[in-house]
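Under our numbering, the letters of the sequence shown match residues -7 to 266, in that order.
Below: one structure, written as structure tokens.
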Amino acid sequence: MILKIGHTPDTDDAFMYYALLHNKINLQSLQFEDSLEPISNLNSKANSGFYDISAFSAGYIPHISDKYDLLTAGACMADNHGPLLIKRKNASGNRIAVPGLNTSAYAVMRLHDPDADCVEVPFDRILEYVINGTVDGGILISEDQMRIPANHLTATDLGDWWKTETGYPLPLGVDAIRSALPDNTKQLFCTIFRRSIEYALNYPEEALKYAIQFGRGISAKSAEVFVKRFVNPYTVNLGETGKQAIAVFLEKLYEARLCPSHVKITFIEGAQRQ
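Below is the structure:
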């Protein structure tokens, strides 16, 4: 069976998928077609079930929970480190660039500051827009977090803010698989994906050498720091704390009228090792 995968062109996703895409682990009966797209595009395509397996924003779960089941492997959970809200020190307004109005970055910004005037900007141009004064501030979700000039900008870590507010890590991105696929396929993929992540963590130099090509010019050391921020124990397995963190996040969004309704989430745990 050939499965279509959609994920972001970021170092952390590349790190996680390295072993799976380069035959470093046993894929058993599965084959894959891999596509790279910004998270806002992946969110939109999830509405139609375009990819068999897709990354998308945690804040977008209520919109696609009828089409996808969440994998317990591959989640991006910000445990203290998260999206960075940067602002020019001399900014007088509150116009904030976000990487999409359907993203977790936008959602957490609205929770942090309901009065912010959020505007959509391509994720890889947000830092540029802030520096040149097109906007007053922006949310950085990509490797640009490692490029912030210290002199003229302030930075607030919204992952740290969220942990203080709720006691939970901040769900940013999740990976999911189409609900309509056979149960054994969903379980098998979750197991393979988890082993891919574990391989990268066990052989980080090898996986980072591949992943850094997606870092848009950051140094090897910066790539390592960035990956370690967002590939953590919750990425290997959400566990009960990770699942509860998602539930708390979605409840906060519902209370703020940022998502349409309460939803039932199906989690895929993965097959047992053979």
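A virtual CB, placed ideally from N, CA and C, is assigned to each residue, including glycine.
Treat the numbers as computed from the prediction; the structure is a model and nothing was measured.
Between residue 86 and residue 128, the gap from beta carbon to beta carbon is short of 7 Å. Boundaries of the beta strand (DSSP E) harbouring residue 23: 23 to 28, taken from the DSSP string. The beta-bridge partner set that DSSP reports for residue 69 consists of 163. Closest by C-alpha distance to residue 252, out of 79, 57, 19, -6, is 57. With 16 or more other Cβ atoms inside 10 Å of its own Cβ, residue 134 counts as buried.
Beta bridge pairing from DSSP links residue 112 with 90. For the pair residue 79 and residue 108, the Cα-to-Cα distance works out to about 12 Å. When secondary structure is reduced to three states using DSSP, residue 45 falls in the strand class. Between the alpha carbons of residue 197 and residue 216 lies a distance of about 9 Å. Cβ atoms of residue -7 and residue 22 come within 8 Å of each other, at about 6 Å. For residue 55, the enclosing alpha helix (DSSP H) has its first and last residue at 53 to 56.
In this chain, the alpha helix (DSSP H) harbouring residue 221 covers 212 to 222. Shown here, residue 152 sits in a helix according to DSSP, grouped into three states. Counting the other Cβ atoms within 10 Å of the Cβ of residue 137 gives 16 or more, which makes it buried. Excluding the 5 residues flanking it on each side, residue 162 has same chain C-beta neighbours closer than 6 Å at 70, 74, 151, 154, in chain order. Each of 8, 89, 235 was checked against the Cα of residue 119, and the nearest Cα belongs to 89. By alpha-carbon distance to residue 62, the top candidate from 247, 245, 193, 229 is 229. Taking 7 Å as the cut-off, the beta carbon of residue 203 is found no closer than this to the beta carbon of residue 24. For residue 175, the uninterrupted alpha helix (DSSP H) segment begins and ends at 175 to 194. Residue 79 is bridged by DSSP to 129, 146. Taking C-beta atoms as the reference points, residue 97 and residue 131 count as a pair closer than 7 Å. Here DSSP, grouped into helix, strand and coil, assigns residue 59 to coil. Annotated as proximal: residue 227 and residue 67, with beta-carbon spacing under 7 Å.
In terms of CA proximity to residue 47, 31 leads the group 240, 31, 55.
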